[in-house]
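Colleague:
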Amino acid sequence: MCGRYASTKDPATLAVEFDALDATESEAPGADYNVAPTKPVLAIVARHPRDVEGKPDPDAVVRSIRVMRWGLVPTWSKDRNGGAKMINARSETAATKPAYRDSMARRRCILPADGWFEWKREGGAKEPFYVTGPDDSSLAMAGLWTAWRDPNEPDSPWLITCAVLTADAFGPLAEVHERMPLVLPRESFEQWLAPDKGSDDVAELLKPSPEIVSRFELRPVSTAVNSIRNNGPELLVRAEPEPEVTELSLFEQS
Numbered sequence: 021m022c023g024r025y026a027s028t029k030d031p032a033t034l035a036v037e038f039d040a041l042d043a044t045e046s047e048a049p050g051a052d053y054n055v056a057p058t059k060p061v062l063a064i065v066a067r068h069p070r071d072v073e074g075k076p077d078p079d080a081v082v083r084s085i086r087v088m089r090w091g092l093v094p095t096w097s098k099d100r101n102g103g104a105k106m107i108n109a110r111s112e113t114a115a116t117k118p119a120y121r122d123s124m125a126r127r128r129c130i131l132p133a134d135g136w137f138e139w140k141r142e143g144g145a146k147e148p149f150y151v152t153g154p155d156d157s158s159l160a161m162a163g164l165w166t167a168w169r170d171p172n173e174p175d176s177p178w179l180i181t182c183a184v185l186t187a188d189a190f191g192p193l194a195e196v197h198e199r200m201p202l203v204l205p206r207e208s209f210e211q212w213l214a215p216d217k218g219s220d221d222v223a224e225l226l227k228p229s230p231e232i233v234s235r236f237e238l239r240p241v242s243t244a245v246n247s248i249r250n251n252g253p254e255l256l257v258r259a260e261p262e263p264e265v266t267e268l269s270l271f272e273q274s
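Here the working numbering = 1-based position in the sequence shown + 20.
Right, here's the structure in full:
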């Protein structure tokens with residue numbers, strides 16, 4: 021599962037890392053150490069460029085960075101309110117679920133992240149962890165996107181929303197939560213983003229890479245991340261275990 025993540029790189033940096041054009045204009049969000057549902061996020065897409073008349077060029081593909089809202093609102097939704105509950109899509113069923121089927125076939129994206137947060141239940145409490153890679157490279161979370169327009173306002177602007185694809189967690193990650201974001205290896209970016217490849221063409225990419233997962237760091241962090249009001253680099257710092265306090269015996273106290 022992915023309910024919060026960190027995304028702190030600016031579009032110019034991501035453009036170099038993902039070999040993409042910065043198409044965010046003035047809408048790009050700033051560094052966010054506690055990305056929560058319905059917030060604006062950066063996403064990488066690949067589309068056929070269109071001419072002045074809106075006709076796509078089938079022989080060209082442009083990879084670009086766009087701004088989307090996290091929480092997918094299907095095209096047939098009556099309002100945007102359900103998006104907050106649709107931040108994740110199961111990779112095993114996205115190709116057949118009505119909410120995600122069209123996006124899986126035609127509108128896939130990559131959501132770059134520094135890492136994501138997960139919570140482990142211990143008794144009645146939940147302990148937060150931060151999952152990140154071994155270096156400064158972004159994690160390429162597989163995502164889906166779509167465009168929605170208010171059916172009651174046909175001239176209103178399009179709302180572009182997205183969801184993170186998740187898969188079964190394994191190894192140490194499974195001890196924290198049974199699901200994890202589907203993180204793509206660099207060699208699969210072109211295939212995943214290709215606008216002319218359908219669901220069947222990317223089915224082989226829907227299982228997490230053991231090589232990538234084996235390099236993840238699972239880091240305990242402060243419970244400050246529990247509140248979306250908190251947002252800063254301190255949320256990513258490893259939380260040191262509290263020292264055990266033992267009572268002195270009467271003899272030792274004297």
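Where a beta carbon is used, it is the ideal one built from N, C-alpha and C, also for glycine. These numbers come from a predicted model, not from an experiment.
(1) Suppose the cutoff is 8 angstroms on Cβ atoms and the five residues either side in sequence are ignored; what does the same chain contact list for residue 161 look like?
(2) With distances taken from CA atoms, which of 178, 113, 116 and 126 is nearest residue 361?
(3) Determine the closest residue to residue 193 out of 149, 251, 169 and 80, with distance taken between C-alpha atoms.
(4) Could you say if the segment 49 to 61 and the segment 72 to 82 meet the contact criterion of at least three C-beta pairs nearer than 8 angstroms?
(5) Give me the Cα-Cα distance between residue 226 and residue 112, rounded to the nearest whole angstrom.
(6) Grouping DSSP H, G and I as helix and E and B as strand, with all else coil, what is residue 28?
(7) Please list, in chain order, all residues of the same chain as residue 146 whose beta carbon is under 6 angstroms from its beta carbon, the five residues on each side excluded.
(8) Check residue 108 in the structure and name its three-state DSSP category.
(9) Below 7 angstroms CB to CB, which residues in the same chain sit around residue 251 once its five sequence neighbours on both sides are set aside?
(10) Report yes or no: do the segment 116 to 126 and the segment 230 to 247 share at least 3 C-beta pairs separated by less than 8 angstroms?
(11) Name the two residues that bound the continuous alpha helix (DSSP H) containing residue 162.
(12) Quick one, are the C-beta atoms of residue 98 and residue 171 less than 8 angstroms apart?
(13) Exposed or buried, what is residue 44 when buried is set at 16 or more other beta-carbons lying within 10 Å of its beta-carbon?
(14) Could you check the C-alpha separation between residue 36 and residue 27 for me, to the nearest Å?
(15) CA-CA distance, residue 62 and residue 246?
Modeller: In terms of the structure at hand:
(1) 22, 25, 130, 131, 132, 133, 136, 184, 185, 201, 202, 203 and 204
(2) Here the chain covers residues 21 to 274 and nothing more, so residue 361 does not appear.
(3) The residue with the shortest Cα to Cα distance from residue 193 is 149.
(4) no
(5) 7 angstroms
(6) coil
(7) 139
(8) strand
(9) 52, 53 and 54
(10) no
(11) Not the alpha helix (DSSP H): residue 162 falls in the beta strand (DSSP E), residues 159 to 168.
(12) yes
(13) buried
(14) 16 angstroms
(15) 22 angstroms
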